[in-house]
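For the sequence shown, the positions run -23 to -1, 1 to 232 when mature numbering (1 follows the signal peptide of the UniProt record, and there is no 0) is used.
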Amino acid sequence: MKKLKLFALTAVALMGVSGVANAETTLLASDDFVGISFWLVSMALLASTAFFFIERASVPAGWRVSITVAGLVTGIAFIHYMYMRDVWVMTGESPTVYRYIDWLITVPLLMLEFYFVLAAVNKANSGIFWRLMIGTLVMLIGGYLGEAGYINTTLGFVIGMAGWFYILYEVFSGEAGKNAAKSGNKALVTAFGAMRMIVTVGWAIYPLGYVFGYMTGGMDANSLNVIYNAADFLNKIAFGLIIWAAAMSQPGRAK
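And the structure:
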């Protein structure tokens, strides 16, 4: 019963916010596949947010921060996607500003999930927290400045890639990766490995989109937005589900 009430409250709250944001919304055209992709991802993010907040009470206490953050990531992204969809439908232009605002909030939270899952098994310290945060901000700010035209697109790409490589080093060979390997927690090691693969393979979609969309001009806005939307679907929702699965395998969870 408690879970049902929480689901209802979460859904009503998010739908209320989206309703205000889209009070004068424009209807989707049946052949607007980019707009449809925005809508589909929005609904998946809404469902994921409700799921994570409901399941928060079912995981061990040490993992609840991670599940809460997963719900915040999808909830924040859901609201931004409602705005992005309207920008696309009404103007036919890429919602670059809204997308980067979303990434500037949600991507640091996703990166901090590496810290939070290590903290759940007492294998984290503040150094890991700050290194992941700094790498994420360098990656995002460089990418935005290049994509929005504030600096040379190649320079923005180089800065963004430097931030990404710094993150990859930390989670593979740095202190975060070493602490995960030494944790002795099989579920954590498995989850950490899957999270690293998402950050490596899933995130590779973004720089590829940047290169083909802004550096070579070989990709139109339609394809670029569909690719970005698909990447967000994987990188936000699957990331949280991996953490939830690891948390549910831990002893001490609520029945």
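Ideal Cβ positions, reconstructed from N, Cα and C, are used throughout, including at glycine.
Please indicate yes or no: does the CB of Lys100 lie closer than 7 Å to some heavy atom of the ligand FMN? Among the components of this structure there are no ligands whatsoever, and the ligand FMN is therefore not found.
Beta-carbon contacts of Tyr205 that lie in its chain and below 8 Å, excluding the five residues immediately before and after: The count along the sequence shown starts at 1 and reaches residue 205 at position 228. Here the set comprises Arg76, Ile182, Tyr183, Gly186.
Taking the alpha-carbon positions, what's the Thr51 to Ala24 distance? Here residue 51 is taken as the residue at index 74 of the sequence shown, counted from 1. Here residue 24 is taken as the residue at index 47 of the sequence shown, counted from 1. C-alpha separation (whole angstroms): 9 Å.
If you run the structure through DSSP and keep just helix, strand and coil, what is Met172? What you label residue 172 is simply residue 195 of the sequence shown in a count that begins at 1. Here Met172 sits in helix by DSSP.
Output the distance between the C-alpha atoms of Ile175 and Phe216, rounded to the nearest integer angstrom. Position 198 of the sequence shown holds residue 175. Position 239 of the sequence shown holds residue 216. Distance between the alpha carbons of Ile175 and Phe216: 7 Å.
Please report the Cβ distance between Tyr58 and Val18, rounded to the nearest whole angstrom; I am assuming they are in contact, meaning their Cβ atoms lie under 8 Å. Residue mapping note: residue 58 aligns to position 81 of the sequence shown, counting from 1. Residue mapping note: residue 18 aligns to position 41 of the sequence shown, counting from 1. That pair is a contact at about 6 Å.
With distance defined between alpha-carbon atoms, name the residue in Gly39, Thr26, Val94, Asp8 nearest to Val148. Looking up residue 148 in the sequence shown gives position 171. Taking only the C-alpha atoms, the option nearest Val148 is Val94.
Let me know the secondary structure DSSP gives Gly195 once reduced to three states. The residue given as residue 195 occupies position 218 in the sequence shown. Correct three-state label for Gly195: coil.
Hey, Phe55 and Leu22 are a contact pair by Cβ (cut 8 Å); roughly how many whole angstroms apart? As a first step, residue 55 is located in the sequence shown; it is residue number 78 there, counting from the start. As a first step, residue 22 is located in the sequence shown; it is residue number 45 there, counting from the start. The beta carbons of Phe55 and Leu22 sit about 4 Å from each other, so the pair counts as a contact at 8 Å.
Within 10 angstroms of its Cβ, does Leu89 collect 16 or more other Cβ (buried), or is it exposed? On the sequence shown, position 112 is the one that residue 89 refers to. So Leu89 ends up on the buried side.
Which residue spans inside the stretch 51 to 119 form an unbroken beta strand (DSSP E) run of at least 3? The qualifying runs do not exist here; there are none.
Would Leu22 pass as an interface residue toward chain C - the criterion being a Cβ-Cβ separation below 8 Å? No chain C is present in this structure, which holds just one protein chain.
Confirm, please, whether the CB-CB distance from Met172 to Phe91 is below 8 Å. Taking the sequence shown and counting its residues from 1, one reaches residue 91 at position 114. Taking the sequence shown and counting its residues from 1, one reaches residue 172 at position 195. Yes, Cβ-Cβ distance for Phe91 and Met172 is below 8 Å.
If you draw a straight line from the alpha carbon of Thr26 to that of Ala47, how long is it in whole angstroms? For the purposes of this step, residue 26 is taken as the residue at position 49 of the sequence shown. For the purposes of this step, residue 47 is taken as the residue at position 70 of the sequence shown. Rounded to the nearest angstrom, the two C-alpha atoms are 8 Å apart.
Have a look at Trp16 and Lys163 and give me their C-alpha separation to the nearest angstrom. Counting from 1 along the sequence shown, the entry for residue 16 is found at position 39. Counting from 1 along the sequence shown, the entry for residue 163 is found at position 186. Straight-line Cα distance between these residues: approximately 37 Å.
Alpha carbon of residue 246 to alpha carbon of Thr193, nearest angstrom: Outside the modelled stretch of the chain, which goes from -23 to 232, sits residue 246, for which no answer is possible.
Would you kindly report the start and end of the unbroken alpha helix (DSSP H) that includes Phe30? Along the sequence shown, one-based indexing puts residue 30 at 53. Here the alpha helix (DSSP H) through Phe30 covers 10 to 32.
Would you kindly work out how many angstroms separate the C-alpha atoms of Gly137 and Ala96, rounded to a whole number? Within the sequence shown, residue 137 is the residue found at index 160, counting from 1. Within the sequence shown, residue 96 is the residue found at index 119, counting from 1. Gly137 and Ala96: Cα-Cα distance of roughly 27 Å.
Span separating the alpha-carbon of Glu70 from that of Leu132: As a first step, residue 70 is located in the sequence shown; it is residue number 93 there, counting from the start. As a first step, residue 132 is located in the sequence shown; it is residue number 155 there, counting from the start. Answer to the nearest angstrom: the Cα atoms are 24 Å apart.
Excluding the 5 residues preceding and the 5 following Gly120 in the sequence, name in chain order all residues of the same chain whose CB lies nearer than 7 Å to its CB. Translated into positions along the sequence shown, residue 120 becomes position 143. Same-chain partners within the cutoff: Gly133, Gly137, Tyr187.
Distance, Ile128 Cα to Leu4 Cα: Numbered from 1 along the sequence shown, position 27 holds the residue referred to as residue 4. Numbered from 1 along the sequence shown, position 151 holds the residue referred to as residue 128. Their Cα atoms are separated by approximately 36 Å.
Span of the alpha helix (DSSP H), counted from its first residue to its last, around Ala139: In the sequence shown, counting from the first residue as 1, residue 139 sits at position 162. Note, Ala139: alpha helix (DSSP H), 130 to 149.
What number of angstroms, rounded off, separates the C-alpha of Gly140 from the C-alpha of Leu114? Translated into the one-based positions of the sequence shown, residue 140 becomes position 163. Translated into the one-based positions of the sequence shown, residue 114 becomes position 137. Roughly 7 Å between the two C-alpha positions.
Applying the criterion that 16 or more other CB atoms from any shown protein chain within 10 Å of the CB defines a buried residue, is Asn99 buried or exposed? For this step, residue 99 is matched to residue 122 along the sequence shown. So Asn99 counts as exposed.
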